[in-house]
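Here the structure comes first, spelled out in structure tokens, and everything after it is commentary.
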Ligand code: NAP
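What follows is the structure in structure tokens.
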């Protein structure tokens, strides 16, 4: 009999990418999928080959507890409201979630199966039912350098991030493009005019960035032609929560004990949907670069090694090049002048794919086949 799946949050940014990937991989074949909404009950659901069915109420406990698996990309508030109600109603189905709300619960596993399939399998054996997608930046970093971590070579990591607008949400992504358009309108003619002094062009841009005319409703500051070195809320120790997640979530994903120290600065930049990270990695010993390259390359089928040349970097190691792909590019790898145990690397990945939807899509396949 077909497994009954409830899909919530399917029309949001992460949910849309998830549906797209499930269609590409023919994942809906043999599934009895029901689509829910918090705001569009009764409206037509997605057309997946047949006639669209009306959307069901995402707050209907009876309809939800009828499902074998619930997949939600709806957000943390929804999770916090509905997950306890369903469990209290005696529902024992699988809860698969893109939101962060349940990630650090002792009863849940953060999923990134190319890295922690053994953790997932052990959890399934002991009856775990809550499987949660990880923070995008953490997942992308682990996929890129898992080859070094799994060999026990890494003493600590610093990650300086360059995170795209999509990680902040759909409205923020649109605001970035709007800011670019507003800057283009103000200074575009001057930039195209070879006779216009460059400092005049720069001044018209800077004047706009520093005026009340630029649209900053979502970000609270200009992102286009600028950056924002703050993501998520403040923690008591001076980190942002995004920075805190680096060590907390990575070690939970890896079930690493003692924990691997990871810290850095998380910065929002004007990329669309790819997160980049500049890594400093302190190795426990002096490992030759060819061994480092071999370890990184062999970790999983998505990691893509980029030679440390200008040409390769410009062609293969930018958000523009990687956007929309499952590849996790890693390049600029070299020993640092700080000492032979210090290496640096730069990595880029699509945060809506491996950063959000793909681990969720894959854990659905894993639990369906468990
Ligand atoms: P989102 O785009 O804001 O979508 C969430 C929900 O908003 C939709 O499912 C939809 O629910 C409702 N909605 C209202 N107006 C909409 C509109 N015009 N278009 C589409 N949907 C609309 O949220 P998201 O960025 O996908 O994030 C979902 C969850 O995943 C969050 O918990 C987030 O933290 C987590 N996550 C996000 C990322 C990321 O990169 N963005 C990465 C990892 C995890 P109804 O149909 O019920 O109205």
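In the numbering used here, the protein residues as written are 1340 to 1709.
For each residue, glycine too, the CB sits at the ideal point set by N, CA and C.
Residue i Cβ short of 7 angstroms to the ligand NAP heavy atom set
i: residue 1605; result: no
i: residue 1613; result: no
i: residue 1350; result: yes
i: residue 1379; result: yes
i: residue 1694; result: yes
i: residue 1438; result: yes
i: residue 1447; result: no
i: residue 1467; result: no
i: residue 1691; result: yes
i: residue 1353; result: yes
i: residue 1509; result: yes
i: residue 1376; result: yes
i: residue 1589; result: no
i: residue 1345; result: no
i: residue 1616; result: no
i: residue 1565; result: no
i: residue 1662; result: no
i: residue 1414; result: yes
i: residue 1472; result: yes
i: residue 1506; result: yes
Where residue i falls, given that 16 or more other Cβ within 10 Å makes a residue buried
i: residue 1516; result: exposed
i: residue 1436; result: buried
i: residue 1364; result: exposed
i: residue 1391; result: exposed
i: residue 1689; result: buried
i: residue 1411; result: buried
i: residue 1537; result: exposed
i: residue 1505; result: buried
i: residue 1542; result: exposed
i: residue 1701; result: buried
i: residue 1462; result: buried
i: residue 1547; result: buried
i: residue 1591; result: buried
i: residue 1675; result: exposed
Cβ-Cβ distance between residue i and residue j below 8 angstroms
i: residue 1343; j: residue 1366; result: no
i: residue 1635; j: residue 1486; result: yes
i: residue 1348; j: residue 1414; result: yes
i: residue 1656; j: residue 1671; result: yes
i: residue 1612; j: residue 1478; result: no
i: residue 1549; j: residue 1514; result: no
Rounded Cβ spacing between residue i and residue j (contact assumed at less than 8 angstroms)
i: residue 1375; j: residue 1405; result: 12 angstroms between Cβ atoms; not a contact.
i: residue 1497; j: residue 1619; result: 4 angstroms
i: residue 1444; j: residue 1621; result: Their Cβ separation, rounded to whole angstroms, is 31 angstroms, which puts residue 1444 and residue 1621 out of contact at 8 angstroms.
i: residue 1356; j: residue 1692; result: 7 angstroms
i: residue 1645; j: residue 1659; result: Not confirmed; about 14 angstroms, so no contact.
heavy atom of the ligand MG below 7 angstroms from residue i C-beta
i: residue 1648; result: Of the ligands this structure carries, namely the ligand NAP, none is the ligand MG.
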